[in-house]
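Before any comments, here is the structure.
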Amino acid sequence: MPTIYLNGQYLPRESATLSIDDRGFIFGDGVYEVTRVVNGVLFESSRHLARLGRGLADMRLHPEESLADIEAISNRLVQENGLQQGEAIVYLQITRGAAPRTHHFPPAGTRCTVFLSAKAITPPHAERAVGVKVVTYPDIRWSRCDIKTVNLIPAVLAKQHAMDHGVFESIFVRESAITEGSHTNCFGVIDGELRTYPASNLILGGVTRDVTIEVAHELGIPFSDRPFHIQDLPRLQEFFLTGTTTDVMPVVEIDGKAVGNGRPGTVTQALYDGVARRLYAATPAVR
Ligand code: PDD
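Residue numbers (our numbering): 1 to 287.
In structure tokens, the structure reads:
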């Protein structure tokens, strides 16, 4: 039975319960994080915590737990759930707590709900070997996509659209620009240059995106954070997705049309290898 953390207590997952008045349930009034764990070590923990801190501040959420507490709880859950070996994730969610329904904030003193869990995952290495297909989907989201809010309805609809079409992911299109995927960031190679939508309020600044850009700089790959557009898709030499549970994932088909030569590209592979070197730095055996 997995152990989870809820509001100061470590509990068996099955005995954890939430109020039906929780504002996460009623309004989607909360933020979340998903952090990769490799052989018991949180990957890029400080970047996840920094993003969480920005989200909490922008949403005016004030949990009792500090960011340092969150990291300590994450590490304890990894240990208590026997995840010292292999691949795992820690999921975290913080909501504005339980209170009678009002659109404005609940009374002062209402405790934020803080929930963390940890579980083993299998990274999609098999899909990576051959590449995946994606479809486009209108970016119907709000204008603060940089906050990792649990209000994920557009992402849910977009990902289901991908499932309905038998493909891996949907990529959002806003005024002809490719912004990002439903739960991934997007990169393309055009005229030998690596491009991705600029960090802004219109995408989530992915931790894997940042690591990928750092690796591109290390490898001397020309990079520009300029968006690319629907009309650029036929010129794409390569295209790939990045994310905590996706790593660097080559895309070989968009809306039924082949990307480049229809096979995972060499820039994508080099970037995956660079990201994997960091992921598995201390522990190459896990791959
Ligand atoms: N999603 N863009 C969106 C909209 C996301 O939801 C995510 C992550 C990313 C990639 O960010 P990162 O590299 O920090 O994981 C980009 C998580 C994994 C999820 O919803 O499960």
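All residues carry an ideal CB built from backbone N, CA and C; glycine is no exception.
Bear in mind that the values here come from a model prediction, so they are computed numbers and not experimental data.
Presumed contact (8 Å Cβ cut-off) between residue i and residue j, rounded CB distance
i: Y91; j: Y32; result: 7 Å
i: S143; j: L202; result: 7 Å
i: E288; j: K119; result: With the chain represented from 1 up to 287, any question about residue 288 goes unanswered, as that position is not in the structure.
i: T196; j: D225; result: 6 Å
i: Y280; j: V38; result: 6 Å
i: I171; j: T136; result: 6 Å
Reduced DSSP secondary structure (H/G/I, E/B, other) of residue i
i: V154; result: Val is not the amino acid found at residue 154; the sequence shown has Pro there. P154: helix per DSSP, three-state reduction.
i: Q9; result: strand
i: G256; result: coil
i: M296; result: Coverage of the chain is limited to positions 1 through 287, which leaves residue 296 absent and any answer about it impossible.
i: T244; result: coil
i: Q212; result: Looking at the sequence shown, residue 212 is not Gln but Thr. Helix.
i: H217; result: helix
i: P250; result: strand
Boundaries (first-last residue) of the beta strand (DSSP E) holding residue i
i: V292; result: No answer is possible for residue 292: it lies beyond the span of the chain, which begins at 1 and ends at 287.
i: L194; result: 193-196
i: A199; result: Where A199 is concerned, there is no enclosing beta strand (DSSP E), given that its DSSP letter is neither H nor E.
i: N81; result: That residue, N81, is in no beta strand (DSSP E); it is neither H nor E in DSSP.
i: T179; result: 177-181
i: G188; result: 185-190
Residue span of the alpha helix (DSSP H) that contains residue i, given as start and end
i: T266; result: 266-279
Contact with chain C by residue i, beta-carbon distance below 8 Å
i: V134; result: Absent from the structure is chain C; it holds one protein chain and no more.
Task: beta strand (DSSP E) segments (min. 3 residues) lying fully within the segment 8-75 - done: 9-12, 30-38
- [ ] May I have a chain-ordered list of the beta strand (DSSP E) segments no shorter than 3 residues that lie completely inside the segment 85-146?
- [x] 87-95, 113-120, 132-138
Open item on the list: Is it the case that the segment 175-191 contacts the segment 240-248, given that we only count it when at least three CB pairs across the two stretches are under 8 Å?
Closed with: yes
- [ ] Decide if the segment 47-65 is in contact with the segment 81-89; the criterion is three or more beta carbon pairs, one per stretch, under 8 Å apart.
- [x] no
- [ ] Tell me, please, whether the segment 11-27 touches the segment 207-218 by the rule of three or more beta-carbon pairs shorter than 8 Å.
- [x] no
Open item on the list: For the structure I just gave you, are there three or more beta carbon pairs, one from the segment 146-166 and one from the segment 123-130, closer than 8 Å?
Closed with: no
Open item on the list: Within 8 Å, do at least three Cβ pairs link the segment 227-240 to the segment 259-267?
Closed with: yes
Open item on the list: Assess contact between the segment 62-78 and the segment 264-281, defined as three or more Cβ pairs (one per stretch) separated by less than 8 Å. Is contact present?
Closed with: no
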